[in-house]
Amino acid sequence: METQEWQMHTKQDLNLIETQANAMSFAAIGRVLTDQALTLGVSAPSFRSPPRIPGVRRSVTRNRDGSITVSVIVSRRPLSAVVADMIDGIVLTSGLKADEARSLYDKLWTTSHRWLLGDALPARAAPLPGAPTLRAVA
């Protein structure tokens, strides 16, 4: 019989996911998502905050040199909302079609979720302060 591995999350873990975003977390998750996109063979956009367009939470700009910038409002927003905008920006600018885009989206969310909870981090990314370690239970 095949056993499933479940991850146990405490209330502290879930509160961490809703931590307010700041410049440090924005930069760190930007590196994590960019590294993962490149690992998957997708050219990642650059990220900046805030968007230059007043009143929008995110925007996508094609620059004169052909590069793409995804701008996201960071202040006074949950980190998970900022991460969602960043992932959407990578998928949108990837040029991938339906199934491939969906797969990229899922892989980026898995990567960001693991980063948020401090599990299996890429070498360049630092965990959020106080990030708990995941425990697998059978």
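Sequential numbering of the sequence shown, starting at 45, is according to the working numbering.
Beta carbons are placed, not taken as given, at the ideal position from N, Cα and C, and that holds for glycine.
Keep in mind it's a predicted model, so treat the numbers as computed, not measured.
For residue i: DSSP bridge partner residues
| i | result |
| --- | --- |
| residue 102 | 116 |
| residue 91 | 114 |
| residue 80 | Note: residue 80 sits in no beta bridge, so no partner. |
Within-9 Å CB hit, residue i to chain D
| i | result |
| --- | --- |
| residue 141 | In the structure shown, chain D does not exist; there is a single protein chain. |
Local conformation of residue i per DSSP, three classes
| i | result |
| --- | --- |
| residue 138 | helix |
| residue 182 | With a pLDDT of only 37 at residue 182, under 50, the local geometry of the prediction cannot be trusted, and the value read off the model is given with reservation. Looking at residue 182 - three-state DSSP - the assignment turns out to be coil, as it is neither helix nor strand. |
C-beta contact flag for residue i and residue j at 9 Å
| i | j | result |
| --- | --- | --- |
| residue 76 | residue 155 | yes |
| residue 129 | residue 101 | yes |
| residue 69 | residue 123 | yes |
| residue 80 | residue 152 | yes |
| residue 82 | residue 148 | no |
Contact belief for residue i with residue j at Cβ below 8 Å, rounded distance in angstroms
| i | j | result |
| --- | --- | --- |
| residue 114 | residue 133 | 3 Å |
| residue 126 | residue 72 | Their Cβ separation, rounded to whole angstroms, is 11 Å, which puts residue 126 and residue 72 out of contact at 8 Å. |
| residue 111 | residue 90 | 6 Å |
Say whether the segment 113 to 121 touches the segment 142 to 151, bearing in mind that this needs 3 or more beta-carbon pairs closer than 8 Å, one atom from each stretch. The segment 113 to 121 vs the segment 142 to 151: no contact.
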